[in-house]
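Some notes on the structure that comes next.
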Amino acid sequence: MEKFTSIKDIKNLDEIIQQACDIKINPHADAALGKNKTLGLIFMNPSFRTRLSTQKAAMNLGMNVIVLNISQEGWKLEMQDGAVMNGETVEHVKDAAAILSVYCDVVGVRCFPELKSKEMDYSEQVLNQFLKHCKCPVISLESATLHPLQSLADVLTIKENWNRPHKPKVVLTWAPHIKALPQAVPNSFSEWMIQSDVDFVIAHPEGYELSSEFTEGATITTDQDQALLNADFVYVKNWSSYTNYGEMSLVKEDWLLTPEKMKATNNAKIMHCLPVRRNIELLDELLDGPNSLVYQQAENRIYAAQIVLKQLLK
Amino acid sequence: MEKFTSIKDIKNLDEIIQQACDIKINPHADAALGKNKTLGLIFMNPSFRTRLSTQKAAMNLGMNVIVLNISQEGWKLEMQDGAVMNGETVEHVKDAAAILSVYCDVVGVRCFPELKSKEMDYSEQVLNQFLKHCKCPVISLESATLHPLQSLADVLTIKENWNRPHKPKVVLTWAPHIKALPQAVPNSFSEWMIQSDVDFVIAHPEGYELSSEFTEGATITTDQDQALLNADFVYVKNWSSYTNYGEMSLVKEDWLLTPEKMKATNNAKIMHCLPVRRNIELLDELLDGPNSLVYQQAENRIYAAQIVLKQLLK
Amino acid sequence: MEKFTSIKDIKNLDEIIQQACDIKINPHADAALGKNKTLGLIFMNPSFRTRLSTQKAAMNLGMNVIVLNISQEGWKLEMQDGAVMNGETVEHVKDAAAILSVYCDVVGVRCFPELKSKEMDYSEQVLNQFLKHCKCPVISLESATLHPLQSLADVLTIKENWNRPHKPKVVLTWAPHIKALPQAVPNSFSEWMIQSDVDFVIAHPEGYELSSEFTEGATITTDQDQALLNADFVYVKNWSSYTNYGEMSLVKEDWLLTPEKMKATNNAKIMHCLPVRRNIELLDELLDGPNSLVYQQAENRIYAAQIVLKQLLK
């Protein structure tokens, strides 16, 4: 592995998942691998699980970690090549990335989309600038369009919760929210599900179609009840519109998942990447119920980060 | 020890203080104890001594440390159970605490009171939510009503400065300030003094009574001169009113400690938890004089944190 | 070495540079030296290279590192001795420094000038307060008037790029900017160049004279073309006026370095401390060209910090 920014960087998904399982059993087995190696984490946006689990994973591997909240501890980066820097940006990303990668052996970058311009966000300008100018491997800690560490943890969680001979039915269902959110988690989850041995269905209201770049191969429906039928896993997540980019078009139907709706499923497990707006996006009753996998997903973020770091250090 | 949020979590105070003394002599003796263990420190408020001394203590024990300034690096937590999260809070404390404790072996939480509602602050909602939802031991890094790591360091400091056969007289005296401050330090100091082998007197102006929950057993007076008479230790501290909650009722007498007032004492040592507003709360002359113990108290914060971490790791 | 705040703290410059070269070849050779030692870094201002490279250097030496962004994670420090602290400052620097140095074995301080009062900035009040009150060695991470870690890295970089028998001609040339910047980097570079075996020329527009305290012994000119003639190294840097303190007096001539102007040099190497405002202070073409040493300078910040830490730990 030379970088980790999407599932495309994984050669053999089954093998990676198996290795993540091994790490979970014995997380300190490779404590010598990271000796004298430094992980640099650069945050352009808030982060809780990603921030902590990636640090934990690096420490399990014996790495040193340097965390940089660039806009609070440093300054605003210029992203445009050739820019005449007479504005608010103090340092060009090409310089910051090059130097960060001289100080570190692996660099992790967290950068959200602005949700103003689809072209801008889907060009992954920020992540790509780091990829271009870092002289060491780069890990996406969630980019404008994808969140591969989350998806790796999600695939691991599904594997841990499925031991029947047939493929599970996995449903990604849109949920209400009060704020326009990125499409990174659903894009990424879709990409990883399509390459997994599952029946994958995406359910969302009209106007909330995801980019076909990530969903090709999935069954897509606007009928939530139909989607939930015999589902084994229900991944709940809000996202803003891709078509009317970044907008929250009115949704007439009630997309909030309920225990009643869950009856149509095959006693499905419930998943969410967190943070979750309780009782807006997902009900307490379901989040705290016996079928919820949300804390297991969060724990698996450690092992997802650790297998990626391990591969990159080798 | 299963948690550390007040003196109630200490089984044998003398034993703990003795062990803290031992740690001070040989701080790296237990460097193997924390191997592969992680301390997670979550700050909801500013912190200097607590932040640094607790990190130092953990490092002395060979632990890894992850620091999270939740509102700057993460987002606002919802504290209310059952809340419909359609406001500013992004993640429920139950989720944040549960996951933090999956990533860490010990969790430290810093949370100040808002000084708006006595009921709210004295319910210790924030700390209690962490205690309820963390799956690992929790340390208070100062809560709404108590600051036990400070008190432990204070008791250690008094012990180090007293070798006579009789009990020392310890006076906690209210001091002026320009800002409404929590009652956490005086509440806590009182609680610890009452269980120590000292004569303990609290002196404060009328209207500045502390909650009897923490002061029962102490001699309480509004006569500062009387209190200082033959004192061996004078702990200086401002706090806002508990009765007129969070207010700074007018004080007619001059409560600022002076060298003149100190003459009534038994050449008493002067204590303060810091930070101190110099020449408002306590005079330079006293803070920088030979009887000041304030830097020794600050140093002892390391060993207070270290004995607590050591007990929790065992 | 007992502290590191300017070249005056270096006994033998050649020896230090040679030792920095040795560290660069084998950065982990002294990993036992820092065992159980703690570096405390206190930032009053943004920092990228200094923040990361100093952490990296400490880790290479096996030290623990504690980083404190004092105004974001702590509170505002009072700098004035004897102050009646009834304003915005919460803790006196004398207390913060004393305690920081109890928790740490070496303290690094970053403090910028305000560029309002020459007397205030050039008194180095903040750095001097730390020097006075810290009980352990202090490193300047850039102070109001000097940036010695940068200069040490710069001298190392020049040495690495010069193997001819005669002295190189090194030119420090003022460059345009849109914002008033400190004189710390040019002051410091001048101080170090004057003590190095080079021909040192400073070129700047009228009104941009540096303090003679740091430039005595340098050739100073307002003729950029003349300065560049046969130069071997061209150090490009903006600074605000020292005479009209902190101002950006109008500059009629075009001081932006161009490939055309570079033709007069001896195929000179180009240096800058970064961050650089691209295409304002220095052109992309030159920064990204084969003669640019800017990333090498940035890398050498690690070894500059490491030799200083190593000397202080001994």
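Protein chains in written order, with my numbering: chain X, 1 to 314; chain H, 1001 to 1314; chain Z, 2001 to 2314.
Built from N, CA and C at the ideal position, the CB exists for glycine as well.
Spatial distance of residue i from residue j (CA atoms)
i, j, result
"V1106(H)", "A1305(H)", "12 Å"
"G2082(Z)", "I99(X)", "43 Å"
"S1322(H)", "S1117(H)", "Residue coverage of chain H in this structure runs from 1001 to 1314, which leaves residue 1322(H) outside it and unanswerable."
"V2251(Z)", "W2174(Z)", "11 Å"
"N161(X)", "E15(X)", "17 Å"
"I1270(H)", "L1287(H)", "8 Å"
"S212(X)", "M2044(Z)", "48 Å"
"I220(X)", "N2060(Z)", "52 Å"
"E1195(H)", "V1138(H)", "A quick correction: the sequence has Gln, not Glu, at residue 1195(H). Cα to Cα, the separation comes out at about 23 Å."
"K2167(Z)", "G2289(Z)", "24 Å"
"V1185(H)", "G40(X)", "38 Å"
"P1148(H)", "T1005(H)", "6 Å"
"P113(X)", "N1300(H)", "47 Å"
"N163(X)", "L156(X)", "13 Å"
"P1165(H)", "A1153(H)", "22 Å"
"A20(X)", "I307(X)", "6 Å"
"A2096(Z)", "L2077(Z)", "8 Å"
Simplified DSSP assignment, three categories, for residue i
i, result
"A2057(Z)", "helix"
"M262(X)", "helix"
"V2126(Z)", "helix"
"H92(X)", "strand"
"T1145(H)", "coil"
"E15(X)", "helix"
"E2206(Z)", "coil"
"L1077(H)", "strand"
"L1287(H)", "helix"
"L1052(H)", "helix"
"C1021(H)", "helix"
"M248(X)", "coil"
"Y242(X)", "coil"
"I2099(Z)", "helix"
"M1120(H)", "helix"
"H2133(Z)", "helix"
"D2105(Z)", "coil"
Whole-angstrom C-beta distance between residue j and residue i, which should lie under 8 Å
i, j, result
"A58(X)", "V67(X)", "At roughly 10 Å, the Cβ-Cβ gap does not stay under 8 Å, so A58(X) and V67(X) are not in contact."
"F1214(H)", "I1158(H)", "F1214(H) to I1158(H), Cβ: 18 Å. No contact."
"I202(X)", "L172(X)", "5 Å"
"G207(X)", "N238(X)", "That belief does not hold up - the Cβ atoms of G207(X) and N238(X) are roughly 13 Å apart, past 8 Å."
"H1177(H)", "E1281(H)", "5 Å"
"Q183(X)", "T145(X)", "7 Å"
"T258(X)", "N230(X)", "That pair is no contact at about 17 Å."
"L52(X)", "Y1303(H)", "Their Cβ separation, rounded to whole angstroms, is 27 Å, which puts L52(X) and Y1303(H) out of contact at 8 Å."
"C2134(Z)", "S2101(Z)", "4 Å"
"K35(X)", "G62(X)", "5 Å"
Extent of the continuous alpha helix (DSSP H) to which residue i belongs
i, result
"M1193(H)", "1184–1194"
"F1214(H)", "1212–1215"
"V65(X)", "No alpha helix (DSSP H) holds V65(X); the beta strand (DSSP E) holding it covers 64–69."
"Q1226(H)", "1224–1228"
Continuous beta strand (DSSP E) stretch holding residue i: start and end
i, result
"L1039(H)", "1038–1043"
"K159(X)", "Looking at the DSSP string, K159(X) is not in any beta strand (DSSP E); the run it does join, the alpha helix (DSSP H), is 148–160."
"L2257(Z)", "Premise fails: L2257(Z) is in no beta strand (DSSP E) and is neither H nor E."
"I1139(H)", "1138–1140"
"I302(X)", "First-last for I302(X): 294–313, but that is the alpha helix (DSSP H), not the beta strand (DSSP E)."
"T2221(Z)", "2219–2221"
Residue i - partner residues in DSSP beta bridges
i, result
"V2171(Z)", "V2201(Z), V2234(Z)"
"R1278(H)", "L1282(H)"
"K269(X)", "F233(X)"
"R1110(H)", "F1043(H)"
"F4(X)", "I139(X)"
Neighbour list for residue i in chain C, Cβ cutoff strictly below 8 Å
i, result
"S1053(H)", "Among the protein chains of the structure shown, namely X, H and Z, there is no chain C."
Residue i beta carbon near the ligand FAD (any heavy atom closer than 6 Å)
i, result
"Y2242(Z)", "Of ligands this structure carries none, so the ligand FAD is not represented either."
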